[in-house]
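Novice: Going by my numbering, the sequence shown opens with residue 936, and the numbers climb by one from there. Think of the CB as a built atom: it goes at the ideal place given N, C-alpha and C, for glycine as much as any other residue.
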Amino acid sequence: MPLRVAFAPGVTPSKWFGVWNERMPESPLGILPLESYPTATADALALLDTDAADVALVRLPVPADGYRAIPLYTELPVVVLPKEHELGLLEQVTAADIAEIAEQEVAAGRPALQRLEIAAGPTGGADATELVAAGVGYLVVPKSVARLHSRRDVVSRDFAGEQGSDDEVRVALIWRADVQSPEVLEAEPERWRLIDEFVGVVRGRTANSTRGAETVEAIEAAKKLKPTAVAKAKAAEARAAKAKSSGARGKKKPAAPGRTRPRRSR
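1. Name the DSSP beta bridge partners of Gln1115, please?
2. Between the Cα of Leu1007 and those of Gly1070, Leu1108, Val1028, Arg1092, spot the shortest distance and give me the residue it belongs to.
3. How close, in whole Å, do the beta carbons of Gly945 and Val1080 come, if the pair is a contact with beta carbons under 8 Å?
4. Is DSSP giving Leu1108 helix, strand or coil here?
5. Whole angstroms is fine: what's the gap from Arg1138's alpha carbon to Arg1128's?
6. Residues in its own chain within less than 7 Å of Ser962 by CB, not counting five upstream and five downstream?
7. Excluding the 5 residues preceding and the 5 following Asn956 in the sequence, name in chain order all residues of the same chain whose CB lies nearer than 7 Å to its CB.
8. Give the DSSP-derived three-state secondary structure of Ser1091 in the structure shown.
9. With DSSP run on the structure shown, which of helix, strand or coil describes Ile1036?
10. Starting from the C-beta of Gly1096, find all residues in its chain whose C-beta is less than 6 Å away, skip the five residues before and the five after it, and write them out in chain order.
11. Using 10 angstroms around the beta-carbon of Pro960, count the other beta-carbons present and answer buried if the total reaches 16, otherwise exposed.
12. Is it right to say Lys950 is buried, meaning 16 or more other beta carbons lie within 10 angstroms of its own, or is it exposed?
13. If you reduce the DSSP assignment to three classes, tell me which class Arg1050 lands in.
14. Inspect the beta-carbon positions of Gln883 and Gly1023 and report whether they are closer than 7 Å.
15. Kindly give me the distance between the Cβ atoms of Leu995 and Ala1004, rounded to whole angstroms, as I take these residues to be in contact under 8 Å.
16. Is it buried or exposed, Thr976, if we count other Cβ atoms within 10 angstroms and call 16 or more buried?
17. Would you list, in sequence order, the uninterrupted alpha helix (DSSP H) runs of no fewer than 4 residues that lie entirely inside the region 963-988?
18. Return the Cβ separation of Val1104 and Pro1077 in integer angstroms, given the expectation that the two are a contact with Cβ distance under 8 Å.
19. By the DSSP assignment, the beta strand (DSSP E) with Gly1070 in it spans what residues?
20. With DSSP run on the structure shown, which of helix, strand or coil describes Glu1010?
21. Whole-angstrom Cβ separation of Ser971 and Ala1063, contact assumed at under 8 Å?
22. Beta-carbon separation of Ala1122 and Tyr1002 under 7 Å?
23. Quick one: is Pro998 buried, meaning 16 or more other Cβ sit within 10 Å of its Cβ, or exposed?
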């Protein structure tokens, strides 16, 4: 049974896929790359809802009801500019920098760069980057998306937007909540086992770590079935100390050299 994984443009799960292939060679991944950057999360939810995917790596937010999500990391935004633009000389560009340059351009009778948005569809990112290269505008996107659509006639710089802006986004692993319902667990136990295994991979869980421990009761049960290395080490130390103590009691204390036992008086 394959595990079907959808992932948004710019998300690079190759490291996790490699770990999975080494650890779970009997269960190959069904890889489902999503092509539309602005609609990737909605597209992933549709795949989950229609049972066309088991898990997805997407950008938050997702609806709280009906889904489980594990945030993995935060993507910092960059601004993508025409290569020869003066803001490209800065290491970090702020929203104030862009506003100041726009005022200067308007005062000089030149059109100011406009903030562009990536259109829905598989070519949206490439089309928007081409407009940037032509000097029409600029983009603010996660660094991974800028790298995905990089070209020689544009540059990207770290971007610091206005306070409270939503330019920073989080990537998360999501799946349908009802996969863990008693009915589905009983009907498809293998499905949750694979999802839980993939959760462990993306969270850095080792192959020998306790799996399936979603509750305190499950953790305690797992510990009883499989003692940890720490518990084994403590048990071994206790046995060694007991053996040493028993050996010490069983031996007679040798007489000190040069001393003899006192003679009994008659």
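Specialist: The answer reads as follows:
1. Position 180 of the sequence shown holds residue 1115. Partner(s): none; Gln1115 has no beta bridge.
2. Counting from 1 along the sequence shown, the entry for residue 1007 is found at position 72. The option with the nearest alpha carbon to Leu1007 is Leu1108.
3. Walking along the sequence shown from the start, residue 945 turns up at place 10. Walking along the sequence shown from the start, residue 1080 turns up at place 145. The pair is a contact, with the Cβ atoms about 4 Å apart (cut-off 8 Å).
4. What you label residue 1108 is simply residue 173 of the sequence shown in a count that begins at 1. Of the three classes helix, strand and coil, the one that applies to Leu1108 here is strand, per DSSP.
5. Position 203 of the sequence shown, counted from the first residue, corresponds to residue 1138. Position 193 of the sequence shown, counted from the first residue, corresponds to residue 1128. Distance from the CA atom of Arg1138 to the CA atom of Arg1128, rounded to whole angstroms, is 15 Å.
6. As a working note, residue 962 is residue 27 in the sequence shown. Around Ser962: Met936, Pro937, Leu938, Leu1129.
7. Walking along the sequence shown from the start, residue 956 turns up at place 21. Excluding the 5 residues flanking it on each side, Asn956 has no same chain C-beta neighbour closer than 7 Å.
8. By 1-based counting over the sequence shown, the position of residue 1091 is 156. Per DSSP, reduced to three states, the secondary structure at Ser1091 is strand.
9. The residue given as residue 1036 occupies position 101 in the sequence shown. Ile1036: helix per DSSP, three-state reduction.
10. Here residue 1096 corresponds to residue number 161 of the sequence shown, with the count starting at 1. Answer for Gly1096: Ala1030, Asp1102, listed in chain order.
11. Position 25 of the sequence shown, counted from the first residue, corresponds to residue 960. So Pro960 ends up on the exposed side.
12. Here residue 950 refers to the residue found at position 15 of the sequence shown. Counting every other CB atom within 10 Å of its CB across the protein chains shown gives Lys950 a total below 16, marking it as exposed.
13. The count along the sequence shown starts at 1 and reaches residue 1050 at position 115. Strand at Arg1050.
14. Outside the displayed span of the chain (936 to 1201) sits residue 883, for which this structure offers no information.
15. The residue given as residue 995 occupies position 60 in the sequence shown. The residue given as residue 1004 occupies position 69 in the sequence shown. About 7 Å separates the two Cβ atoms, so the contact holds.
16. Position 41 of the sequence shown, counted from the start, is the residue given in the question as residue 976. Result: buried.
17. Counting only runs of 4 or more, we get 975-984.
18. If you number the sequence shown from 1, residue 1104 lands on position 169. If you number the sequence shown from 1, residue 1077 lands on position 142. The beta-carbon distance between Val1104 and Pro1077, rounded to whole angstroms, is 6 Å. This is short enough to meet the 8 Å contact definition.
19. As a position in the sequence shown, residue 1070 is number 135, starting the count at 1. Counting along the chain, Gly1070 sits inside no beta strand (DSSP E), nor does DSSP assign it H or E at all.
20. Residue numbering aside, residue 1010 sits at position 75 when the sequence shown is read from its first letter. Collapsing the DSSP output to three states places Glu1010 in a strand.
21. Along the sequence shown, read from residue 1 onward, the residue named residue 971 stands at position 36. Along the sequence shown, read from residue 1 onward, the residue named residue 1063 stands at position 128. Contact annotation, Ser971 with Ala1063: C-beta distance approximately 12 Å; criterion of less than 8 Å not satisfied.
22. Working through the sequence shown from its first residue, we reach residue 1122 at position 187. Working through the sequence shown from its first residue, we reach residue 1002 at position 67. Between Ala1122 and Tyr1002, the C-beta spacing is not below 7 Å.
23. In the sequence shown, the residue the question calls residue 998 occupies position 63. The C-beta of Pro998 has fewer than 16 other C-beta atoms within 10 Å across all chains shown, which makes the residue exposed.
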